[in-house]
Amino acid sequence: MIAHLWHRDARHEGVRRINIYLLRLLYALMFFVLGHSTWNEILTHQGAWAPEEAVAWTVWTAFATLAGLGILRPVKMLPILLLEVFYKVLWLAIVAYPLWTNGTLAGSPAEGTTNAFLWVVLAIVAVPWGHVAKAYLTWPKVQAA
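Residue numbers (numbering that gives the first Met the number 0): 0 to 144.
Here it is, written out as structure tokens:
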């Protein structure tokens, strides 16, 4: 039973089944948990939006909504997980890490975001990095005529 999790799945471009299950779990969490909070914020917001705040909420809402497609097509929607990994790791590196090394992260406005963004490790584990390298970082082979 467990051994089949490590087999490559032809239906999903040769990505291992364990990765497919983990990806679907992540997409479901994004769709339901993040989607619930972001759509709730958008639908119940009163008054005019601050432009930067509106950008953040609409991007996160679009991100969560697109994750619904990831439940059905986990490999095809990998770019949204790559975006998530990239922006969260980048934010942790340029905002949280300097605060942490200076001993000023705890109790700062960045502490809550840091705690939420540290969960990016789940996406890092779930992403099939070999497939990402092959699909996005190499040139397709040209067929001889």
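Even glycine gets a Cβ: it sits at the ideal position worked out from N, Cα and C.
All values derive from a computational prediction rather than experimental measurement.
Residues Ala125 of the same chain have their beta carbon placed closer than 6 angstroms to that of leucine 21, with the five preceding and five following residues left out of the count. Just so you know, the alpha carbons of leucine 25 and proline 127 end up roughly 13 angstroms apart. When only Cα atoms are considered, leucine 81 and phenylalanine 62 end up about 12 angstroms apart. For histidine 44, there is no enclosing alpha helix (DSSP H), as DSSP marks it with neither H nor E. Boundaries cannot be given for tryptophan 138, as no alpha helix (DSSP H) includes it and DSSP labels it neither H nor E.
Counting C-beta atoms within 10 angstroms of its own C-beta, lysine 75 has fewer than 16 neighbours from the protein chains shown and is therefore classed as exposed. Tryptophan 90 sits away from threonine 60, with the two beta carbons spaced by 8 angstroms or more. The residue from Gly106, Ala134, Thr103 and Leu65 with its alpha-carbon nearest to that of leucine 28 is Leu65. For asparagine 101, the secondary structure class from DSSP, reduced to helix, strand or coil, is coil.
Judged by their CB atoms, alanine 109 and leucine 98 are nearer to each other than the 8 angstroms cut-off. The distance from the Cβ of glycine 69 to that of isoleucine 79 is about 7 angstroms, consistent with a contact at the 8 angstroms cut-off.
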